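Working notes, beginning with the structure itself.
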Amino acid sequence: MVEHGRKMINLNADVAIIGGGPAGLAAAISAHENGAKNVIVLDRNSWLGGILPQCIHDGFGVEETGTSMTGPEYAEMYIKAARKKGINFMNETMVLQFDKNRKIIAVNKKGLHEIKAKSIVLAMGCREKTRWNIMIPGDRPSGIYTAGVAQAFINLYNIMVGKNVVILGSGDVGLIMARRLKFEGANVLGVVEILPYASGLPRNVVQCLDDYDIPLYLNHTVTYVKGKERLESVTIAQVDEKMNIIPGTEREIKCDTLLLSLGLIPENELSKNVKIELDDLTGGPIINQSFETSLSGVFACGNCLQVYDTVDTLSMDAKVAGENAAKKSVKQNKFINVKAGKGIRYVVPQRINEPGKIHFTLRVEKPCESPTLHVISDGIELLKKKLPWANPANTVEFDIDISAEVVKYKDLEVILDD
Amino acid sequence: MTDEKKITCIVCPIGCKILVKIDGKHFELVDGNKCKRGIDYAISEALDPRRMLTSSVLVKNGEWPLVSVKSSKPVPKNKIVSVLNEIKKASVNAPVKSGQVVLNNVADTKIDIVATKSIKK
Ligand SMILES: Cc1cc2nc3c(=O)[nH]c(=O)nc-3n(C[C@H](O)[C@H](O)[C@H](O)COP(=O)(O)OP(=O)(O)OC[C@H]3O[C@@H](n4cnc5c(N)ncnc54)[C@H](O)[C@@H]3O)c2cc1C
Ligand code: SF4
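Below, the structure is given as structure tokens:
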């Protein structure tokens, strides 16, 4: 086939992995260890490690290795291991699409590539929510960045984003950027959070805000942004329990920069394109216990599956996905659903089609002390577990032995009693 | 003089607020920790708070303009500003190897500043 005067380059792979972040790297290593000889990792960046090279703070790998590494160090550990195994990396290669027969179309400087893969692992990561996801009214000046874009500017390209900064959203990326900006000489005027609690880890609230006397405005939001060319001010206001703005609490803060740390959305344009079923609650593909999506032979892991709290659990799960991708996929025609019931925001996996010991990850809806977790199938309680506490910022994990009987008939429901 | 201090424990994600009394070098736990691990943390945080420091240093002639760095050990909190000032003044020639010492005994802390990434020419 000839496209723009260039030949289509044809390749074959046992396992093709889309995305070379920590998820893609862990999946690649594990697929190789489990017998896949020809593993190809495709990434649009010129580097490997995904978002990690810009996460220069420490705290990565604690659960996995017992030492706290920085993002670049954690990435380096996986890149080295993957290189040793002779995995094929194709950097500066953008995947445009793949089809139901697992034929991938990708493009790089050499031209268009068609890669026929026995299995595919999706590891595209996530992207950040923007101003338009939450509809902040006002002007459209420059000086508004997502926290991750600001992080890349400052930590990779040595470009400072502004002098007087307000941060909207108290997720970890936003908290870490508050400290980073302070280190680089900016005035960080405050972090504004609509919820009554910070969404980032207490550790980051203490070490990124409290240490530098950066105020955290809980139950507050930005109601207006003003500025002709560059941002001139933001208006913040208090909200009530129903998140309605309380009139009369508005306050204008002069600033030239607003960072948005509003949360992450799994990146799944490629999945949507081939009609892989997505879960509205996670934003990622619906998977079974083998990390296989609704499209046979296509697996998902990392932040494009669900937004993980730590890279450690992300990598561990990605290894399981890689292992399964190296093996044959299970016939998908019969399965039971796993439903997120009362008090539960989401559960992964969402489907089960084989009995055995199954690892579940869930997020609760709101913070609570000593709740009880129940897993129920057709009126029978399969698991009852008392938790010391639960918080939406931290996933809850547990294992259950699922019998062949259960898989045959009954959906599972997970609920939280507080 | 006795000081009362509220310390947020960061050992686990619960983040207990631990109330302590400090009188010079004398430490007394008042309340708030849900487990024993919080005690050690509260003692060190009350008497000798330290932080791991990460930042970046300018690179000359490298494929990237910056190299990410960390302190080889946690830095006493009251030294953070002077350590950061030295990091800002520093620069290093490419190539840089991850693990390479970029600044020795930074700000007289007996702590080094170490590269966390390799940068090619
Ligand atoms: C801005 C930001 C900051 C973060 N900071 C932290 C932090 O401080 N601590 C922490 O634990 N976690 C942090 N995270 C979460 C972090 O994303 C995960 O820890 C981890 O990096 C996710 O790994 P991943 O492999 O799933 O995704 P990523 O690291 O994002 O990797 C995905 C890769 O897929 C590639 N890709 C996507 N689509 C295509 C395509 N069509 N073709 C080719 N390549 C493609 C991307 O270029 C990227 O390299 C942060 C996330 C973001 C977005
Ligand atoms: S005191 Fe114990 S339970 Fe409380 S935050 Fe510290 S480690 Fe966690």
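From first to last, the protein sequence lines are chains A and B.
Read in order, the letters of the first sequence are residues 1 to 418 in the working numbering.
Read in order, the letters of the second sequence are residues 1 to 121 in the working numbering.
We put the CB at the ideal spot given by N, CA and C, even for glycine.
Every value quoted in this text rests on a predicted model; they were computed, and no experiment measured them.
Closer than 8 Å to chain B by CB, residue i
{"i": "H359 (chain A)", "result": "no"}
{"i": "R127 (chain A)", "result": "no"}
{"i": "E92 (chain A)", "result": "no"}
{"i": "R203 (chain A)", "result": "yes"}
{"i": "D213 (chain A)", "result": "no"}
{"i": "I402 (chain A)", "result": "no"}
{"i": "Q151 (chain A)", "result": "no"}
heavy atom of ligand 2 below 7 Å from residue i C-beta
{"i": "I14 (chain B)", "result": "yes"}
{"i": "K34 (chain B)", "result": "yes"}
{"i": "Y41 (chain B)", "result": "yes"}
{"i": "G322 (chain A)", "result": "no"}
{"i": "G59 (chain A)", "result": "no"}
{"i": "G38 (chain B)", "result": "yes"}
{"i": "V107 (chain A)", "result": "no"}
{"i": "V106 (chain B)", "result": "no"}
{"i": "V39 (chain A)", "result": "no"}
{"i": "V11 (chain B)", "result": "yes"}
Chain A contact for residue i (CB, 8 Å cutoff)
{"i": "P76 (chain B)", "result": "no"}
{"i": "I10 (chain B)", "result": "yes"}
{"i": "R50 (chain B)", "result": "no"}
{"i": "K97 (chain B)", "result": "no"}
{"i": "K121 (chain B)", "result": "no"}
{"i": "K117 (chain B)", "result": "yes"}
{"i": "K70 (chain B)", "result": "yes"}
{"i": "L47 (chain B)", "result": "no"}
{"i": "G32 (chain B)", "result": "no"}
{"i": "I111 (chain B)", "result": "no"}
{"i": "G15 (chain B)", "result": "yes"}
{"i": "V102 (chain B)", "result": "no"}
{"i": "T54 (chain B)", "result": "yes"}
Length of the line joining the Cα atoms of residue i and residue j
{"i": "A26 (chain A)", "j": "P367 (chain A)", "result": "31 Å"}
{"i": "E426 (chain A)", "j": "R230 (chain A)", "result": "In the structure as shown, chain A begins at 1 and stops at 418. Residue 426 (chain A) is therefore absent and cannot be evaluated."}
{"i": "I336 (chain A)", "j": "V347 (chain A)", "result": "13 Å"}
{"i": "M69 (chain A)", "j": "L195 (chain A)", "result": "30 Å"}
{"i": "K37 (chain A)", "j": "A81 (chain A)", "result": "15 Å"}
{"i": "L42 (chain A)", "j": "I358 (chain A)", "result": "30 Å"}
{"i": "G322 (chain A)", "j": "L383 (chain A)", "result": "28 Å"}
{"i": "A419 (chain A)", "j": "F398 (chain A)", "result": "Only positions 1 to 418 of chain A appear in this structure, which leaves residue 419 (chain A) out of reach."}
{"i": "S290 (chain A)", "j": "N108 (chain A)", "result": "31 Å"}
{"i": "H26 (chain B)", "j": "I43 (chain B)", "result": "10 Å"}
{"i": "Q306 (chain A)", "j": "K21 (chain B)", "result": "43 Å"}
{"i": "K70 (chain B)", "j": "G341 (chain A)", "result": "44 Å"}
{"i": "K60 (chain B)", "j": "I119 (chain B)", "result": "10 Å"}
{"i": "E51 (chain A)", "j": "E76 (chain A)", "result": "In the sequence as displayed, the identity of residue 51 (chain A) is Ile instead of Glu. Cα-Cα distance, rounded: 12 Å."}
{"i": "V414 (chain A)", "j": "R363 (chain A)", "result": "11 Å"}
{"i": "N268 (chain A)", "j": "M124 (chain A)", "result": "7 Å"}
{"i": "D279 (chain A)", "j": "N273 (chain A)", "result": "15 Å"}
{"i": "G283 (chain A)", "j": "M135 (chain A)", "result": "19 Å"}
{"i": "G190 (chain A)", "j": "I113 (chain B)", "result": "29 Å"}
{"i": "C12 (chain B)", "j": "K275 (chain A)", "result": "40 Å"}
Bounding residues of the beta strand (DSSP E) (the contiguous stretch that carries residue i)
{"i": "A106 (chain A)", "result": "K103 to N108"}
{"i": "D23 (chain B)", "result": "K17 to D23"}
{"i": "S72 (chain B)", "result": "Here S72 (chain B) belongs to no beta strand (DSSP E), and DSSP marks it neither H nor E."}
{"i": "S55 (chain B)", "result": "T54 to K60"}
{"i": "R345 (chain A)", "result": "I344 to V348"}
{"i": "Y224 (chain A)", "result": "H220 to K226"}
{"i": "R251 (chain A)", "result": "R251 to K254"}
{"i": "S271 (chain A)", "result": "Careful: S271 (chain A) lies outside any beta strand (DSSP E), inside the alpha helix (DSSP H) at E269 to N273."}
{"i": "A16 (chain A)", "result": "I9 to I18"}
{"i": "D187 (chain B)", "result": "No answer is possible for residue 187 (chain B): the residues shown for chain B start at 1 and end at 121."}
Residue i CB to nearest heavy atom of ligand 1 below 7 Å
{"i": "R102 (chain A)", "result": "no"}
{"i": "E267 (chain A)", "result": "yes"}
{"i": "C304 (chain A)", "result": "yes"}
{"i": "A123 (chain A)", "result": "yes"}
{"i": "L52 (chain A)", "result": "yes"}
{"i": "T67 (chain A)", "result": "no"}
{"i": "A23 (chain A)", "result": "yes"}
{"i": "Q151 (chain A)", "result": "yes"}
Alpha helix (DSSP H) segment containing residue i, residue limits
{"i": "F153 (chain A)", "result": "A147 to L156"}
{"i": "G38 (chain B)", "result": "R37 to L47"}
{"i": "K80 (chain A)", "result": "G71 to K84"}
{"i": "A178 (chain A)", "result": "D172 to F183"}
{"i": "P22 (chain A)", "result": "P22 to E33"}
{"i": "T65 (chain A)", "result": "V62 to T65"}
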